[in-house]
Amino acid sequence: MEAAGTWALLLLLLLLLLLMLPLVLPKTGSRGHLPPGPAPLPLLGSLLQLRPGALYSGLLRLSKKHGPVFTVRLGPWRRVVVLVGHQAVREALGGQAEEFSGRGMLATLDRTFDGHGSEVRALQELSKKHGPVFTVRLGPWRRVVVLVGHQAVREALGGQAEEFSGRGMLATLDRTFDGHGSSRSCNEEEQNPNTEFTDKNLLMTVIYLLFAGTVTVSATARYTLLLLLKYPRVQERMREELTRELGPGRAPGLQDRARLPYTNAVLHEAQRLLALVPMGIPRALTRTTRFRGYTLPQGTEVFPLLGSVLHDPEVFEQPEEFNPDRFLDADGGFKKQEAFLPFSLGKRVCLGEGLARAELFLLITAILQAFFLESPCPPRSLSLQPAVSGLFNI
């Protein structure tokens, strides 16, 4: 009983020490002079002030107290500088584009793809020394036999391999692997410490292609159609413009955009109101940078909240209202808005911006040329509030 009490006391003291550790660590020059923000709790940082699944709204709430540029701690070690509003975001991403061009951390993707990379690499290094089959000890009582490579696994399975062969799957894989001996160059490239061709970069590129090339346009198109259902008069004005400028039934082309200012205004307003990527893509400082009187160390993460730009009341009057006329001048021509930044700004601006705009224009105008959209329920009952899902408003 006394021993149990002693262990409990030691564990309590250890916990208190861990809680106090961030407060007593010496302040180093690498901290720089960051913008002020909410006082962080030991180990937790500002996480208790940011509800799970509502990071964007939580950061907006904090900005009302701490201003358009502030610092939050996401856990004990992760410091993030948050930029809110058009002026702060443009000043950073546009005015100091090179310094703010680093790639920040996407926590969900990093947890998904970085979870076992170091362990796999360590086992692969051991296999070079001990062969494809070797034993490792995980603690005093646990011993694990490691099989590296498809041939070692196949031999270990023995007769069971055919049972689970999937109609010759292993033979097919053998032929496939044998026919790709040149892929060794990939391994050689992997050993190059200066290479940009890494597993993480490859996976991130594939994910960017998937989301940027499909999810973004489809989500924006669906939201635009929802707006046209909710506001029949807007749909009617678009159809009238299409008929007047193109004639009934003619398929629109990209060359027609300049002749359709109201249609263009509706598409821009739909993208602004949706704010598809409200958090923006996280950035990182490529070098130590002075910004608004603060010193941001190299590697500091930055969240440029694009949603706060697209809904900035300093630029867009009544930003939560759907009003395509804000993109029209007094003569009815299309008017650009400097704060229209759904594709971000600077050196990490979305490369698919032109393609996405073209796809959205062609898709929506073709639908309106062929169909009349009508909601089965009263238009006023349709909700325009998107469900926040990670980085995207879907």
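When you line the sequence shown up against mature numbering (1 follows the signal peptide of the UniProt record, and there is no 0), it's residues -26 to -1, 1 to 368, in that order.
By construction, the Cβ of each residue, glycine as well, lies at the ideal position given by its N, Cα and C atoms.
On a predicted model such as this, the values are computed, not experimentally measured, just so you know.
If you look at Leu337, you'll find it in the alpha helix (DSSP H) that goes 327 to 344.
Between Gln245 and Gly223, the alpha-carbon positions lie close to 26 Å from each other. Separation of Pro350 and Pro10 (C-alpha to C-alpha, rounded to the nearest whole angstrom) is 51 Å. Given a length threshold of 4 residues, each whole run of the alpha helix (DSSP H) inside the stretch 33 to 70 is given here in chain order: 60 to 63. Counting along the chain, the unbroken alpha helix (DSSP H) around Pro235 starts and ends at 235 to 248. Cβ atoms of Leu365 and Val251 come within 8 Å of each other, at about 6 Å. Membership of Thr194 in any beta strand (DSSP E) is not indicated; the residue belongs instead to the alpha helix (DSSP H) covering 190 to 204.
If you look at Val283, you'll find it isn't in any beta strand (DSSP E); it sits in the alpha helix (DSSP H) that goes 280 to 284. In this structure, DSSP gives Gly307 a state outside helix and strand, which the three-state scheme calls coil.
Under DSSP, Val276 takes part in a beta bridge, and its partners are Val55, Arg257. Exposed is the label assigned to His104, since fewer than 16 other Cβ atoms lie within 10 Å of its Cβ. Shown here, Leu18 sits in coil according to DSSP, grouped into three states, outside any helix or strand. Of Leu67, Tyr30, Pro12, the smallest CA-CA separation from Ala258 is found for Leu67. The alpha-carbon separation between Val240 and Pro298 amounts to approximately 5 Å. Three or more Cβ pairs closer than 8 Å define a contact, and the stretch 60 to 75 meets that threshold against the stretch 310 to 324. Shown here for Pro287: same chain residues with a beta carbon closer than 8 Å to its own, the five before and five after excluded, namely Pro293 in chain order.
Between the stretch 338 to 356 and the stretch 269 to 282, the count of Cβ pairs shorter than 8 Å is below three; the stretches do not touch. A distance below 7 Å between beta-carbons, with the five flanking residues on each side excluded, links Phe308 to the following residues of its chain, in chain order: Pro235, Asn238, Ala239, Phe301, Leu302.
Excluding sequence positions up to five before and after Gly267, its CB lies less than 6 Å from no other CB in the same chain.
In the DSSP annotation of this structure, the continuous segment of the beta strand (DSSP E) that includes Phe265 starts and ends at 263 to 265.
For Met212, the CB contacts under 7 Å within the same chain, skipping 5 residues up- and downstream, are Tyr236, Thr237, Val240, Leu342 in chain order. Here DSSP, grouped into helix, strand and coil, assigns Phe366 to strand.
When the beta-carbon positions are compared, Val191 and Leu22 stay at least 8 Å from each other.
Nearest C-alpha to Val289 among Ala313, Pro14, Lys39, Gly281: Ala313. The beta carbon of His242 sits closer than 7 Å to those of Phe301, Phe314, all from its chain and outside the five residues before and after it, given in chain order.
In this structure Ser318 is not in contact with Ile368, their Cβ atoms being roughly 18 Å apart against a cut-off of 8 Å.
Taking the Cβ atoms as the reference, Arg25 lies roughly 6 Å from Gly32, within the contact range of under 8 Å. Trp51 and Pro12 have their C-alpha atoms some 15 Å from each other. For Arg224, the three-state secondary structure derived from DSSP is coil. Out of Leu337, Leu248, Arg47, Val208, the CA that lies nearest to the CA of Gly227 is found in Leu337. Counting only residues of its own chain and dropping the five nearest sequence neighbours on each side, Ser282 has a CB closer than 7 Å to the CB of Leu34, Val58, Gly59.
Gly76 is bridged by DSSP to Ala258. The beta carbon of Ala249 lies closer than 8 Å to those of Leu280, Gly281, Leu284, His285, Pro316, Asn367 in the same chain, with the five residues before and after it left out.
Sequence-distant Cβ neighbours of Arg231 in its own chain, meaning closer than 7 Å and more than five residues away, are Asn238, Phe335.
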